[in-house]
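Q: If you scroll down you'll find the structure; I have some questions about it.
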Amino acid sequence: MKKRDELTFRKGDGIAIAAVILAALALLAFSLTAAGRGGKRVVRVYQEGELLREMPLDEDGEFLIQDRYENLIRVRDGKAAIVESSCPGEDCVHSGWISQPVRSVVCLPNRVEVRVEGVSGADDVDAVAR
Amino acid sequence: MKTKDLTTMAILTALAMALGWVERMIPLELLIPLPGVKLGLANTVTLFALYRLNWPAALLILTARCLLGALFSGNVTALAFSLCGGVLSLAAMAAAKRCRGLSVWGVSVLGAAAHNCGQILTAMLLMHSRAILGYLPYLLLIGTACGCATAAAASGVLRALRSGAAG
């Protein structure tokens, strides 16, 4: 009797893969359309969910966090980024610049999140997360 | 527990940690600048253990790998991520393995997707933020590709072992 082959690609696998990709695309489309486009945008810096600082995205500025690690946050030309960090790995610095609402740069070791939000900020985020 | 099983599990744990170490030398985050993007090479071992041994063995290997990894790197935050993602992933793979229509490929991709969800869940809890959810679609897409790579590796090894040592 031939054993059920568990190693060869099957139709069910294709369905599973397609389902995951479809779910990802649906989530992506949802988060892009729900994000309030246009209007005034601000950069909000959070640490462990607590708002540390709010900066307008259309004004150049800098903000330095000195905690477990140091994060230097810079706003320039309508974009925001963590440009310097003393954290291991520096994933936050590699994340680059953000300008669209609900995009964020995260420094996990420092529990810091830099988020671009519409002025009615909290609503935008909830609309995506709901 | 038989000595042979114990030894196999110990070797697999060591192998998973070595793969994790190799993986850290591949700068994938330069190509795809998102935090938490990984190839998931060590998941090949989990997948292998799930098929060659059983799910409790896979869980033991996974836990040992995460604990030892955190011990060596000294990174406790990473422990929360790897354990939460890993356990969710293993649970999904064990469940998917029971589905008759799925082979290693589907199981691996679903495991990767569950791992991504676990990562995002941990991040949401740690950061008290729901906006991180916006990362999930990107992680899922990359995870699907990585899940296929993992499946290719695991099925290759399993097939070679099956034809070599018949039983």
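Residue numbers (the working numbering), protein chains in the order written: chain A, 1 to 130; chain B, 131 to 297. Glycine included, C-beta positions come from ideal geometry on N, C-alpha and C.
Run down chain B in chain order and give the residues with a C-beta less than 9 Å from the C-beta of T31 (chain A).
A: For the purposes of this step, residue 31 (chain A) is taken as the residue at position 31 of the first sequence. Before going on, a small fix: residue 31 (chain A) reads as Ser here, not Thr. Here the neighbours are L263, G264, L266, P267.
Q: For a cutoff of 8 Å on Cβ pairs, would you count A222 (chain B) as touching chain D?
A: Although the question refers to chain D, the structure presented lacks it and instead comprises the protein chains A and B.
Q: If you follow the alpha helix (DSSP H) that K40 (chain A) is in, where does it begin and where does it stop?
A: For the purposes of this step, residue 40 (chain A) is taken as residue 40 along the first sequence, with counting starting at 1. It is not in any alpha helix (DSSP H) - K40 (chain A) carries neither H nor E in the DSSP assignment.
Q: Specify the secondary structure class of F178 (chain B) as computed by DSSP and reduced to three states.
A: For the purposes of this step, residue 178 (chain B) is identified with residue 48 of the second sequence, where counting begins at 1. Here F178 (chain B) sits in helix by DSSP.
Q: Check whether the region 3–17 of chain A touches the region 218–238 of chain B, taking contact to mean three or more Cβ pairs, one atom from each stretch, closer than 8 Å.
A: Flag = yes, the region 3–17 of chain A and the region 218–238 of chain B touch.
Q: Using a Cβ cut-off of 8 Å (strictly closer), state whether V234 (chain B) contacts chain A.
A: Against the second sequence, residue 234 (chain B) aligns to sequence position 104. Interface residue, yes.
Q: Output the residue ranges of the alpha helix (DSSP H) runs that lie fully inside the region 183–218 of chain B and measure 4 residues or longer, sorted by chain position.
A: As far as the region 183–218 of chain B is concerned, its whole alpha helix (DSSP H) runs of at least 4 residues are 185–203.
Q: Can you tell me whether I73 (chain A) is helix, strand or coil according to DSSP?
A: Reading the first sequence from its first residue, position 73 is the one you call residue 73 (chain A). Strand.
Q: Note down, in chain order, each residue of its chain lying with its Cβ closer than 8 Å to the Cβ of Y181 (chain B), except the 5 sequence neighbours on either side.
A: Against the second sequence, residue 181 (chain B) aligns to sequence position 51. Same-chain partners within the cutoff: K227, V234, A284, L288.
Q: Do you know how far the Cα of L256 (chain B) is from the Cα of D135 (chain B)?
A: Taking the second sequence and counting its residues from 1, the one referred to as residue 135 (chain B) is at position 5. Taking the second sequence and counting its residues from 1, the one referred to as residue 256 (chain B) is at position 126. Between D135 (chain B) and L256 (chain B), the C-alpha separation is close to 37 Å.
Q: Does the pairing of the region 141–156 of chain B with the region 75–88 of chain A give three or more beta-carbon distances under 8 Å?
A: In short, these stretches do not touch, since the Cβ pair count stays below three.
Q: DSSP has P109 (chain A) in a bridge; who is on the other side?
A: Taking the first sequence and counting its residues from 1, one reaches residue 109 (chain A) at position 109. In DSSP, P109 (chain A) forms no bridge with anything.
Q: Let me know if C229 (chain B) comes out buried or exposed under the rule of 16 or more other beta-carbons within 10 Å of its beta-carbon.
A: The residue you call residue 229 (chain B) lines up with position 99 of the second sequence. C229 (chain B) should be labelled exposed.
Q: Under DSSP, the beta strand (DSSP E) around E54 (chain A) begins and ends at which residues?
A: Counting from 1 along the first sequence, the entry for residue 54 (chain A) is found at position 54. 50–56 is the extent of the beta strand (DSSP E) around E54 (chain A).
Q: Given D13 (chain A), which residues of its chain have a CB within under 7 Å of its CB, disregarding the five upstream and five downstream residues?
A: Working through the first sequence from its first residue, we reach residue 13 (chain A) at position 13. The answer is none, since no qualifying residue turns up.
Q: Report yes if the CB atom of A243 (chain B) is closer than 8 Å to the CB atom of L220 (chain B), and no otherwise.
A: The residue labelled residue 243 (chain B) in the question sits at position 113 within the second sequence. The residue labelled residue 220 (chain B) in the question sits at position 90 within the second sequence. In this structure, L220 (chain B) does not lie closer than 8 Å to A243 (chain B) by Cβ.
Q: In the structure shown, what three-state DSSP assignment does F30 (chain A) receive?
A: Taking the first sequence and counting its residues from 1, the one referred to as residue 30 (chain A) is at position 30. Correct three-state label for F30 (chain A): helix.
Q: Which of the three DSSP states, helix, strand or coil, is assigned to I162 (chain B)?
A: As a working mapping, residue 162 (chain B) is identified with position 32 in the second sequence. Looking at I162 (chain B) - three-state DSSP - the assignment turns out to be coil, as it is neither helix nor strand.
Q: Output needed for T33 (chain A): all residues of its chain with C-beta closer than 7 Å, excluding positions within five of it in sequence on either side, in chain order.
A: Stepping through the first sequence from its first residue, residue 33 (chain A) is reached at position 33. Once the five neighbours on either side are set aside, T33 (chain A) has no close Cβ partner at all.
Q: Would you kindly report the start and end of the unbroken beta strand (DSSP E) that includes I65 (chain A)?
A: By one-based count along the first sequence, residue 65 (chain A) stands at place 65. Where I65 (chain A) is concerned, the enclosing beta strand (DSSP E) stretches over 61–66.
Q: Per DSSP, which residues does Y46 (chain A) bridge with? Please list them.
A: As a working mapping, residue 46 (chain A) is identified with position 46 in the first sequence. Answer is A:L51, A:E113, bridged to Y46 (chain A).
Q: With a cut-off of 8 Å, does the C-beta of G36 (chain A) fall near any C-beta of chain B?
A: Taking the first sequence and counting its residues from 1, one reaches residue 36 (chain A) at position 36. For G36 (chain A), the predicted model reports a pLDDT of 46, less than 50, meaning its position is unreliable; a value from the coordinates is still stated below. No, G36 (chain A) lies away from the interface with chain B (no Cβ there is under 8 Å from its Cβ).
Q: Can you tell me which of the three DSSP states G170 (chain B) falls into?
A: Your numbering for residue 170 (chain B) matches position 40 in the second sequence. Residue state, collapsed to three classes: coil.
Q: Return yes when the Cβ of C92 (chain A) is within less than 8 Å of the Cβ of S86 (chain A), no when it is not.
A: Stepping through the first sequence from its first residue, residue 86 (chain A) is reached at position 86. Stepping through the first sequence from its first residue, residue 92 (chain A) is reached at position 92. No. Outside cutoff.
Q: Rounding to the nearest angstrom, what Cα-Cα distance links S203 (chain B) and K40 (chain A) in this structure?
A: Position 73 of the second sequence, counting from 1, holds the residue named residue 203 (chain B). Position 40 of the first sequence, counting from 1, holds the residue named residue 40 (chain A). Cα to Cα, S203 (chain B) sits roughly 43 Å from K40 (chain A).
Q: Under 8 Å between the Cβ atoms of Y46 (chain A) and R103 (chain A)?
A: As a first step, residue 46 (chain A) must be located in the first sequence, where it is residue number 46. As a first step, residue 103 (chain A) must be located in the first sequence, where it is residue number 103. No, the pair does not count as a contact, with Cβ atoms beyond the cut-off.
Q: Residues of chain A with CB under 7 Å from C276 (chain B), in chain order?
A: As a working note, residue 276 (chain B) is residue 146 in the second sequence. What C276 (chain B) touches in chain A: nothing, since even the nearest Cβ is about 12 Å away.
Q: What distance in whole Å lies between the Cβ atoms of E48 (chain A) and H258 (chain B), which are believed to be in contact at a cut-off of 8 Å?
A: One-based indexing of the second sequence puts residue 258 (chain B) at position 128. One-based indexing of the first sequence puts residue 48 (chain A) at position 48. Correct: roughly 6 Å between the Cβ atoms.
Q: Taking the C-alpha atoms as reference points, what is the distance between Y268 (chain B) and K132 (chain B)?
A: Against the second sequence, residue 268 (chain B) aligns to sequence position 138. Against the second sequence, residue 132 (chain B) aligns to sequence position 2. Each residue's alpha carbon lies about 43 Å from the other.
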